[in-house]
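FYI, the numbering for the sequence shown is 0 to 325, going by numbering that gives the first Met the number 0.
Glycine included, each C-beta is placed from N, C-alpha and C at the ideal position.
Predicted model only: the values in this text are computed from it and were never measured.
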Amino acid sequence: MSDVVSYKDLGLVNSREIFRKAVDGGYAIPAYNFNNLEQLQAIITACAETSSPVILQISKGARSYANETMLRYMATGAVQMAREMGSDIPIVLHLDHGDTFELCKSCIDSGFSSIMIDGSHLPYDENVALTRQVVEYAHAHDVTVEGELGVLAGIEDDVVAEKSTYTQPDEVEDFVKKTGVDSLAISIGTSHGAFKFKLKEGESAPPLRFDILEECEQRIPGFPIVLHGASSVVPEYVALINQYGGKMEGAVGVSEDQLRKAAASAVCKINIDSDGRLAVTAKIREYLTNNPGEFDPRKYLGAARNELIKLIKHKNEAVLGSAGKA
Ligand code: G3H
Ligand code: 13P
Ligand code: ZN
């Protein structure tokens with residue numbers, strides 16, 4: 000089957016140029032995960048309206064939920080939609096937490112412009128070898144690659160890490176040199192999901208390990224660094240979910256101040272998935288409770304989509320600083 004397609008024919012870009020500008024300009028590019036139509040419409044609408052470059056992220060779980068071919072065509076449709084809105088924002092289609100060479104190759108062959116190979120749970124030498132293998136294939140197609148050093152607690156697709164392991168700054172230079180990656184995800188205290196910190200009554204979340212980030216920066220000056228697990232777990236959404244029958248007591252995320260500080264540093268890509276999930280869930284719960292006779296999915300999914308647009312605009316404008324940088 001000769002179904003190989005280049006991202007360049009789909010109107011997508013790789014991440015090289017937008018990362019260089021973001022590092023120089025002291026802001027971060029948003030990377031939003033999507034699994035369905037409404038999420039994708041919201042991301043594109045908000046990023047086009049705020050004139051922000053954007054990374055559309057697809058996880059392995061998203062590929063099996065929505066079908067990989069469907070998602071690729073949706074992303075192509077999203078590029079077209081942005082252009083029809085009169086917007087020329089750079090759009091990257093990125094594999095989030097790729098775990099095998101075969102998966103990465105399949106995404107590259109089907110039009111992704113950027114790939115993450117996450118070998119962070121492997122012994123160092125195996126991480127280097129796997130990442131190097133992906134980089135060789137990706138660079139032959141002008142696709143950019145994100146690697147990871149250090150393990151985030153929480154769920155990374157099929158890999159569940161109980162405890163985080165901070166990135167060791169003395170490994171980053173060697174890793175970047177040996178693998179040839181274009182960006183590096185590091186572990187400085189964030190984790191995936193909506194329960195990032197276990198706090199007692201009255202406690203607030205501990206600050207991120209900016210000392211580790213700074214040490215990494217010193218060893219690879221100007222190199223693009225990526226922050227995963229960067230949802231704020233917006234308290235208003237958690238409150239709405241709990242108010243309308245949900246059960247998310249104790250959900251907590253990374254404060255916007257910490258994210259602003261990260262975005263101003265060499266962190267040039269900030270990954271956000273959970274906040275979008277919370278916005279959608281909060282609005283659907285609220286809508287259905289307040290409109291018990293409604294059964295048209297466009298009504299409650301439309302309410303969720305409107306909220307997502309608001310959330311993403313806020314992130315781009317007031318947290319990541321990517322608005323106006325397209
Ligand atoms: O890092 C994980 C992302 O939030 C993707 O989550 O594997 O449930 O799609 P998922
Ligand atoms: P959150 O769970 O904090 O949104 O992190 C998402 C992420 O890192 C996707 O790779
Ligand atoms: Zn992640």
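Three-state secondary structure assigned by DSSP to residue i
i, result
"residue 31", "strand"
"residue 184", "strand"
"residue 115", "strand"
"residue 340", "Given that the chain is displayed from residue 0 to residue 325, the structure contains no residue 340 and the question cannot be resolved."
"residue 195", "coil"
"residue 147", "strand"
"residue 97", "strand"
"residue 307", "helix"
"residue 268", "strand"
"residue 121", "coil"
"residue 175", "helix"
"residue 273", "helix"
"residue 152", "strand"
"residue 78", "helix"
"residue 63", "helix"
"residue 17", "helix"
"residue 11", "coil"
"residue 226", "strand"
"residue 219", "coil"
"residue 164", "strand"
"residue 36", "helix"
"residue 251", "strand"
"residue 279", "helix"
"residue 88", "coil"
"residue 109", "strand"
Inter-residue CB distance, residue i and residue j (contact presumed, cutoff 8 angstroms)
i, j, result
"residue 319", "residue 269", "6 angstroms"
"residue 49", "residue 263", "Not confirmed; about 18 angstroms, so no contact."
"residue 181", "residue 14", "7 angstroms"
"residue 6", "residue 94", "The Cβ separation is near 12 angstroms, so there is no contact."
"residue 29", "residue 58", "Contact flag wrong, Cβ pair sits at about 16 angstroms."
"residue 10", "residue 78", "4 angstroms"
"residue 31", "residue 271", "6 angstroms"
"residue 223", "residue 257", "The Cβ separation is near 19 angstroms, so there is no contact."
"residue 179", "residue 134", "4 angstroms"
"residue 136", "residue 104", "6 angstroms"
Check: residue i C-beta below 7 angstroms from any heavy atom of the ligand 13P
i, result
"residue 274", "yes"
"residue 192", "yes"
"residue 240", "no"
"residue 35", "no"
CB of residue i within 8 angstroms of CB of residue j, strictly
i, j, result
"residue 114", "residue 130", "no"
"residue 100", "residue 61", "no"
"residue 253", "residue 197", "no"
"residue 149", "residue 109", "no"
"residue 175", "residue 107", "no"
"residue 233", "residue 247", "no"
"residue 45", "residue 311", "yes"
"residue 303", "residue 278", "yes"
"residue 87", "residue 325", "yes"
heavy atom of the ligand ZN below 7 angstroms from residue i C-beta
i, result
"residue 228", "yes"
"residue 95", "yes"
"residue 270", "yes"
Distance cut-off 7 angstroms: residue i Cβ against heavy atoms of the ligand ADP
i, result
"residue 61", "Looking for the ligand ADP in the displayed structure turns up nothing; the ligands present are the ligand G3H, the ligand 13P and the ligand ZN."
Any non-hydrogen atom of the ligand G3H closer than 7 angstroms to residue i Cβ
i, result
"residue 32", "yes"
"residue 51", "no"
"residue 163", "no"
"residue 58", "yes"
Assess contact between the segment 163-171 and the segment 186-194, defined as three or more Cβ pairs (one per stretch) separated by less than 8 angstroms. Is contact present?
yes
Does the count of Cβ pairs from the segment 277-288 and the segment 232-243 closer than 8 angstroms reach three?
yes
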